Amino acid sequence: MKLLRPTENTPFHIDYSWFEKNGQDVNVLIYKCLTPEQQERLAGLPTDEALDFVDEATGEVRRVTRAMQMIRAERANDATFISPRLPLAESVFRVFLLNDNQPLTPVELAARIGRKPSEILAQLGGRTVYNGVRPIMN
Amino acid sequence: MEKVLDRVIHRPTQTADYWSALTITADDADFLYGFILEAGKPQRLADLARALIGYRVNQENAALRRQWSDHTVYQPKKRYAVGDRLVFPALKFASGQVVEVRPGNNPDLGEFEVIAVQFDDGRRREFAANYHRSHRLNDEDATAQFDTASLQSPEALYEAYGQHVVAVLEKALESNREFIRIGDEWFLRALMTEVNIGHLNLAEAVLDMANGGPLTTDVILRDLGLPPDVGTHVQEVSLNNALAADPRFDEVSLNDTPAWFLRRLEPAEAREMPEVLRAERPSGRVALSPELVALAYELDDELEFDETAPVSPAQSATLILTYPHRRAGTLGWSRAAASVLPQSRKPRIPMRFKDRVTQKEMTVWLVREGRYIWGLGDWFKANDLPAGAYIQLTRSDAENIVWIDYRRRRPKREWVHVASARDGRLCLETAQRAVACEVDELMSVFVDDPRALDALRAERRRDTMQAVREAFPEIAKLSPQGNVHARTLYAVVNTITRSAPTDVFAALTASGAYVSVGDNYWHLGER
């Protein structure tokens with residue numbers, strides 16, 4: 013049987029079930045994306061509790077953790093949140109945090125993080141899974 | 215950030231697709247009926263099209279309001295219950311139904327509720343409710359989204375799509391018995407008052423007393439005695455319609471106010487095309503050289519007038535008088551003439567030409583069928599104008615008067631082409647004649663005995679090919695090289711048969727007996 017391999021046009025996303033299966037907590041990873049000041053603001057508060065946050069434009073409610081809401085509300089327009097200085101897998105993880113985990117191909121990711129699609133595919137398309145980012149193979 | 219487009223309601227009337235697929239419905243017809251009824255007078259098609267566009271836009275607005283009349287515009291501050299139908303301006307006016315209400319969970323935001331909404335497209339999303347913190351949807355006027363201020367106005371829509379709407383509307387009105395066309399306008403058949411044969415006979419008598427006319431409808435009405443309880447305007451409209459349907463009368467006005475003429479008192483030459491102007495166009499097509507095509511265009515014969523091509527208005531125009539028109543006392547209503555004359559699609563209209571030098575006025579008739587201007591015979595004769603003379607037409611300040619003149623010069627005797635009939639054939643020779651005007655040297659043809667040429671034409675009708683065969687050697691013999699200019703051939707052929715330039719040039723080209731020697735000169739071939 014032939015194994016399917018992802019290409020530069022295969023969509024990727026954060027597979028949250030991967031964290032559970034591997035005994036890891038995604039909230040720890042998300043917490044690391046906060047600035048020291050944001051981490052301080054969250055001190056003493058539960059990191060995994062999902063709360064209702066109201067979208068300022070539409071009134072839509074999303075149930076997310078405080079850390080996730082902080083990232084989306086305060087870091088979306090911060091140029092340093094995703095920068096070429098970050099490891100590639102970290103940048104991709106942060107892109108998916110901001111876009112509500114909407115699937116993106118390496119070609120699309122390349123435009124957002126300033127790396128080559130081939131480079132992204134080489135790192136994320138292999139056997140090793142970084143930060144739970146995995147291809148969606150139909 | 216929210217996109218501006220997300221907050222725009224899709225309105226089909228703002229799109230080209232909507233208007234290009236337009237069909238006139240019974241509802242539209244009802245509206246137009248009411249529109250004309252309210253106006254109480256006939257309406258131009260363009261005005262009906264404008265009104266219809268406005269009506270369609272209003273209908274769309276009303277439909278949008280109806281569509282959302284059972285919906286509440288979503289605002290976070292309001293409370294909602296399961297079953298409420300909501301519309302979301304911030305989500306392209308998507309609509310859905312509240313299917314669940316639960317308490318909100320965020321200590322930072324205080325107490326509020328979360329409603330789950332099942333959208334009409336199947337999606338399910340959650341929204342804040344009973345939420346009293348500052349939020350842009352709480353602060354703005356929810357109904358402002360229905361505002362039409364940012365949309366294209368019906369007038370702008372007419373500018374963009376009116377031409378097509380007019381065409382569709384015209385077809386629909388033509389097939390609807392409730393509407394009636396009166397000239398360029400439309401009215402309601404039901405509003406017309408009866409004009410019987412007695413009224414029409416009276417109208418004929420009134421025009422007869424006025425030497426045929428023209429008389430405007432209101433003047434004719436004075437003697438007709440239509441029911442006084444009918445409004446004057448409706449009386450006029452009804453009479454106009456009845457007169458237009460009666461072959462005894464012609465509408466001859468140059469403007470929007472109808473004026474009538476008794477057809478039998480119109481000059482015979484305006485009612486029926488003079489024989490000398492009648493042309494039989496061959497059906498086949500022959501490919502002409504670009505030079506000949508250009509020359510045919512330059513000659514601007516009214517036989518080749520293209521009614522579909524727009525004519526740019528001009529202050530003055532120069533025409534070359536050809537023999538058939540010289541003989542018939544007419545001018546061709548060609549492209550050049552049309553640029554100076556009033557635009558009209560009526561069968562016949564009288565107007566005034568005024569001699570630039572003598573200031574003498576003459577009545578001429580513009581005749582659409584055959585495109586000629588009749589009434590210039592005496593003026594040609596009085597000024598001794600031969601075929602080939604340059605005639606100038608110039609607009610005046612008055613709409614119904616055009617200045618006419620020719621290129622005058624001191625008379626002197628010159629060697630010219632003279633056409634005559636000899637032994638049942640055309641004969642062309644050079645002779646000295648007094649010339650008192652400037653002429654196109656290649657096209658001037660003098661005829662001493664026009665009746666003889668009339669008889670020559672009547673004896674044997676020639677088609678263009680036969681006329682070319684007869685005229686070519688007659689012209690060729692007058693030049694030492696035997697060359698014939700295509701322009702001269704066109705002018706001479708027209709002394710014995712009425713032919714359009716392209717027909718003459720097609721015969722010249724197709725015959726095979728003639729060879730081009732350049733510059734539109736032709737020579738008899740070796741055969």
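Protein sequences appear in the order of chains A and B. This note's numbering applies: residue 13 is where the first sequence begins, and numbers increase by one. This note's numbering applies: residue 215 is where the second sequence begins, and numbers increase by one. In this text, a Cβ means the ideal position worked out from N, Cα and C, and glycines have one as well. Treat the numbers as computed from the prediction; the structure is a model and nothing was measured.
Query                                                                                                                       : Result
Closer than 7 Å at the beta carbon, the chain B residues around A:L63                                                       : N319, N320
DSSP-derived helix/strand/coil call for B:M565                                                                              : strand
Chain A residues whose Cβ lies nearer than 9 Å to that of B:A404                                                            : Simply none; closest approach about 55 Å.
Residues, ordered as in the chain, of the region 312-342 of chain B that lie near chain A by beta-carbon distance below 7 Å : G318, N319, N320, L323, V328, R339, E340, F341, A342
Continuous alpha helix (DSSP H) stretch holding B:P368: start and end                                                       : 368-388
Supposed contact pair B:H413 and B:K255 - C-beta distance, whole angstroms, cut 8 Å                                         : Contact flag wrong, Cβ pair sits at about 20 Å.
Proximity to B:W593 [Cα-Cα], best of B:S553, B:W736, B:R478, B:I605                                                         : B:I605
C-beta neighbour in chain B for A:E68, strict 8 Å                                                                           : yes
Neighbourhood of B:D598 by C-beta, 6 Å cutoff - its chain only, sequence neighbours within 5 removed                        : A650
Span separating the alpha-carbon of B:D398 from that of B:A304                                                              : 48 Å
Span of the beta strand (DSSP E), counted from its first residue to its last, around B:Q606                                 : 604-609
Nearest-angstrom Cα separation, counted from B:V331 out to A:R87                                                            : 29 Å
Sequence-distant residues of its chain with Cβ nearer than 8 Å to A:N143 (five each side left out)                          : I26, L41, A101, E102, V104, F105
Extent of the continuous beta strand (DSSP E) run through B:H631                                                            : 622-636
Under the three-state DSSP convention, the category A:F93 falls into                                                        : coil
Three-state class that DSSP yields for B:T678 in the structure shown                                                        : helix
Among B:T702, B:H699, B:L351, B:L607, nearest to B:K292 - alpha-carbon criterion                                            : B:L351
A:L136, DSSP secondary structure in three states                                                                            : helix
B:A419 classed as buried or exposed, judged by whether at least 16 other C-beta atoms fall within 10 angstroms              : exposed
Rounded separation between B:Y559 and B:R582 - CA only                                                                      : Strictly speaking, residue 559 of chain B in this sequence is Arg, with Tyr absent from that position. Distance between the alpha carbons of B:R559 and B:R582 is about 7 Å.
Residues bridged to B:T577 [DSSP beta-bridge criterion]                                                                     : B:R566
Closest by C-alpha distance to B:E684, when choosing among B:C641, B:A473, B:H285                                           : B:C641
Where B:S309 falls: helix, strand or coil (DSSP)                                                                            : strand
Close-in-space but distant-in-sequence residues of the same chain around A:P115 (CB under 7 Å, 5 per side omitted)          : P23, F24, H25, I148
Test item: CB-CB of B:V661 and B:A603 under 8 Å                                                                             : no
Proximity winner among B:R395, B:Y537, B:A404, relative to B:H631 (alpha-carbon distances)                                  : B:Y537
Any beta strand (DSSP E) of 3 or more consecutive residues that is wholly inside the region 30-93 of chain A                : 62-66, 73-77
Test: A:V107 CB closer than 8 Å to a CB of chain B                                                                          : no
Spatially closest choice to B:V706 from B:A720, B:P687, B:Q695, by CA coordinates                                           : B:P687
Element boundaries [alpha helix (DSSP H), containing B:A666]                                                                : 664-673
Element boundaries [alpha helix (DSSP H), containing B:I710]                                                                : 700-710
Three CB pairs or more closer than 8 Å across the region 32-48 of chain A and the region 223-237 of chain B                 : no
Start and end residues, beta strand (DSSP E) containing B:G546                                                              : 544-546
Nearest neighbour of B:P664, chosen from B:A381, B:T709, B:D334 [CA to CA]                                                  : B:T709
Sequence-distant residues of its chain with Cβ nearer than 6 Å to B:T702 (five each side left out)                          : L656, I689
Burial state of B:K217, where buried means 16 or more other Cβ atoms lie within 10 Å                                        : Below a pLDDT of 50, predicted positions are generally treated as unreliable, and B:K217, at 37, falls in that range; no measurement from the model is reported.
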